[in-house]
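Chemist:
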Ligand code: 5GP
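In the numbering used here, the protein residues as written are -4 to 192.
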């Protein structure tokens, strides 16, 4: 198991559940000392995504070479032929900054990391109010093909069926409420000795 110094915050959520918006709203909160772990993936770049910021985009050959070289703390084939993984070097980079690591990973990856790191990790599942809302959000985003949307909906249904494996579930119905709930959960976890308001 790869040793981590800071705490791990695992955010699991089907795509389209608004998790990126929520993470974006809390990542710079100075009280939480967070840094986002940029995953590696073999999926193509989407919309305005930037290499090294949203993901490290790798070819499948390169990804498999790194699996063989034991460079991943965890990885999953999230969709058939599409690999996603957390590089150990990414966690080491964040540890060196003395920050807590935010992992945006799929629910199976999240369950594995939680098993590996136990009390050192907090897992939060962000759920959409309904699968129909999710479909609507993915369609409004306009970055995925109809086929991709259906694949993501299928995966979302699977992930929703596993949400109870996470420490907490936050329903993203009203964004402000969800942001505040996630912020509080992380604050209580990374600053356990502070009095919670
Ligand atoms: P998307 O293609 O929408 O960016 O991500 C698809 C899914 O892959 C999401 O559920 C996301 O959380 C998951 N994912 C992203 N990075 C990783 C990773 O490093 N490891 C695992 N296991 N899942 C990841």
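Beta carbons: idealized from backbone N, C-alpha and C, even for Gly.
Every value quoted in this text rests on a predicted model; they were computed, and no experiment measured them.
With a Cβ-Cβ cutoff of 8 Å, do residue 85 and residue 33 count as a contact?
Modeler: The count along the chain shown starts at 1 and reaches residue 85 at position 90. The count along the chain shown starts at 1 and reaches residue 33 at position 38. Closer than 8 Å, so yes.
Chemist: Compare the beta carbon distance of residue 17 and residue 29 with 8 Å and say whether it is the shorter of the two.
Modeler: Counting from one through the chain shown, the residue named residue 17 turns up at place 22. Counting from one through the chain shown, the residue named residue 29 turns up at place 34. No.
Chemist: Is residue 158 near the ligand 5GP, in the sense that its beta carbon is under 7 Å from a heavy atom of that ligand?
Modeler: To locate residue 158, count along the chain shown from 1; it is residue 163. For the ligand 5GP, not one heavy atom lies less than 7 Å from the Cβ of residue 158.
Chemist: DSSP three-state call for residue 66: helix, strand or coil?
Modeler: As a working mapping, residue 66 is identified with position 71 in the chain shown. Three-state DSSP puts residue 66 in coil, outside helix and strand.
Chemist: Could you tell me which residues DSSP pairs with residue 80 in its beta bridges?
Modeler: For this step, residue 80 is matched to residue 85 along the chain shown. Answer is 35, 70, bridged to residue 80.
Chemist: Kindly give me the distance between the Cβ atoms of residue 66 and residue 82, rounded to whole angstroms, as I take these residues to be in contact under 8 Å.
Modeler: The residue given as residue 66 occupies position 71 in the chain shown. The residue given as residue 82 occupies position 87 in the chain shown. That pair is a contact at about 6 Å.
Chemist: Is the separation between the beta-carbon of residue 9 and that of residue 150 shorter than 8 Å?
Modeler: Residue 9 sits at position 14 when you count from the first residue of the chain shown. Residue 150 sits at position 155 when you count from the first residue of the chain shown. Contact flag set, yes.
Chemist: Within the segment 76 to 120, note down every full alpha helix (DSSP H) run reaching 4 residues or more, in order along the chain.
Modeler: With a minimum length of 4 residues, the continuous alpha helix (DSSP H) runs that stay inside the segment 76 to 120 are 83 to 91, 102 to 112.
Chemist: According to DSSP, simplified to helix, strand and coil, what is residue 48?
Modeler: Taking the first residue of the chain shown as position 1, residue 48 is located at position 53. Looking at residue 48 - three-state DSSP - the assignment turns out to be coil, as it is neither helix nor strand.
Chemist: State whether the segment 109 to 119 contacts the segment 45 to 62, with contact taken as three or more CB pairs (one from each stretch) at a distance under 8 Å.
Modeler: Segments in contact, no.
Chemist: Cβ of residue 37 versus every heavy atom of the ligand 5GP: is any distance shorter than 7 Å?
Modeler: Residue mapping note: residue 37 aligns to position 42 of the chain shown, counting from 1. Residue 37 Cβ: outside cutoff for every heavy atom of the ligand 5GP.
Chemist: If you run the structure through DSSP and keep just helix, strand and coil, what is residue 169?
Modeler: Your numbering for residue 169 matches position 174 in the chain shown. Looking at residue 169 - three-state DSSP - the assignment turns out to be coil, as it is neither helix nor strand.
Chemist: Comparing alpha-carbon positions, which option in 104, 4, 175 lies nearest residue 78?
Modeler: As a first step, residue 78 is located in the chain shown; it is residue number 83 there, counting from the start. For residue 78, the nearest C-alpha among the options comes from 104.
Chemist: Is any non-hydrogen atom of the ligand 5GP found closer than 7 Å to the C-beta of residue 5, if you look at the structure I gave you?
Modeler: Taking the first residue of the chain shown as 1, we reach residue 5 at position 10. Not so, every heavy atom of the ligand 5GP lies at least 7 Å from the Cβ.
Chemist: Find the nearest neighbour of residue 43 within the set 87, 93, 136, 3, judged by alpha-carbon distance.
Modeler: Taking the chain shown and counting its residues from 1, one reaches residue 43 at position 48. Nearest of 87, 93, 136, 3 to residue 43, Cα basis: 136.
Chemist: Given 7 Å as the limit, tell me if residue 71 has its C-beta closer than that to any heavy atom belonging to the ligand 5GP.
Modeler: By 1-based counting over the chain shown, the position of residue 71 is 76. Yes, the ligand 5GP has a heavy atom inside 7 Å of this Cβ.
Chemist: What does residue 7 pair with, by DSSP beta-bridge criteria?
Modeler: On the chain shown, residue 7 is found 12 positions in, with the first residue counted as 1. Bridge partners of residue 7: 120.
Chemist: Pick helix, strand or coil for residue 133, following the three-state DSSP scheme.
Modeler: As a first step, residue 133 must be located in the chain shown, where it is residue number 138. Helix.
Chemist: Expressed to the nearest angstrom, what Euclidean distance is found between the alpha-carbon atoms of residue 181 and residue 26?
Modeler: The residue you call residue 181 lines up with position 186 of the chain shown. The residue you call residue 26 lines up with position 31 of the chain shown. Straight-line Cα distance between these residues: approximately 10 Å.
Chemist: Given the structure, does residue 79 come close to the ligand 5GP, in the sense that its CB is under 7 Å from one of the ligand's heavy atoms?
Modeler: Residue mapping note: residue 79 aligns to position 84 of the chain shown, counting from 1. Yes, the Cβ of residue 79 comes within 7 Å of a heavy atom of the ligand 5GP.
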